[in-house]
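Residue numbers (this note's numbering): 260 to 387.
Here it is as C-alpha cells:
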C-alpha cells in the first residue's frame, strides 16, 4: 500500500496512510488561504483542484478560474510531484494537511517549524 511520507532527502519523519489530501496554508503577506488537492499515486503526488480566497502580492488568479462559494477554483496541469518541496519557517506559519474530513497543522506530526530546518518534502511512498 502506498501513502504519504513527510521528511527530507528521502529520510522519513512521518508516514500517513492516505490516498488523497488537501494541503492548505495562509499566504505570509496577504493572509489569504490557499488550498491544493492531491492524490497519492505510484508516480508521485498528483495535483487536482486548487483554491484561493483572493488575490494580492504574487497571488494572481488564473484566467480560467471560477468563483465559487467565496474562493477561486482552478486546475494546473503539472506532472506528478515526487517530492513536493515546501518552505516551512516559524515566520510563515505552518501548513495544514486535511484528510478524512479533518485538518491538522503539519506540526502535529513533525513538531513546530524551526529556522534550522526550514524545508520539508512530501512524497508518495510504500507504507511500513
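Each residue gets a CB set at the ideal place from its N, CA and C atoms; glycine is no exception.
Sequence ranges, beta strand (DSSP E) only - wholly within the segment 267-348, length at least 3: Restricting attention to beta strand (DSSP E) runs no shorter than 3 residues, the segment 267-348 encloses them at 270-275, 279-285, 292-300, 303-311, 325-327, 330-334 and 343-346, ordered along the chain.
Outcome for residue 367 when other beta-carbon atoms lying within 10 angstroms are tallied against a minimum of 16: Taking the first residue of the chain shown as position 1, residue 367 is located at position 108. Burial state of residue 367 is exposed, judged by a 10 Å Cβ sphere holding fewer than 16 other Cβ atoms.
Cβ pair residue 390, residue 262 closer than 9 Å: The first residue shown for the chain is 260 and the last is 387, placing residue 390 beyond what the model contains.
The segment 319-333 touching the segment 267-283, judged by at least three CB pairs closer than 8 Å: With a cut-off of 8 Å on Cβ pairs, the segment 319-333 is not in contact with the segment 267-283, counting fewer than three such pairs.
DSSP three-state assignment for residue 383, whether helix, strand or coil: Against the chain shown, residue 383 aligns to sequence position 124. The answer is strand: DSSP assigns residue 383 an E or B state.
6 Å CB neighbourhood of residue 331 in its chain, flanking five on each side removed: Position 72 of the chain shown, counted from the start, is the residue given in the question as residue 331. So the list reads 311, 320 and 324, once near-sequence residues are dropped.
Cβ neighbour criterion (16 or more within 10 Å) applied to residue 356: As a first step, residue 356 is located in the chain shown; it is residue number 97 there, counting from the start. So residue 356 ends up on the buried side.
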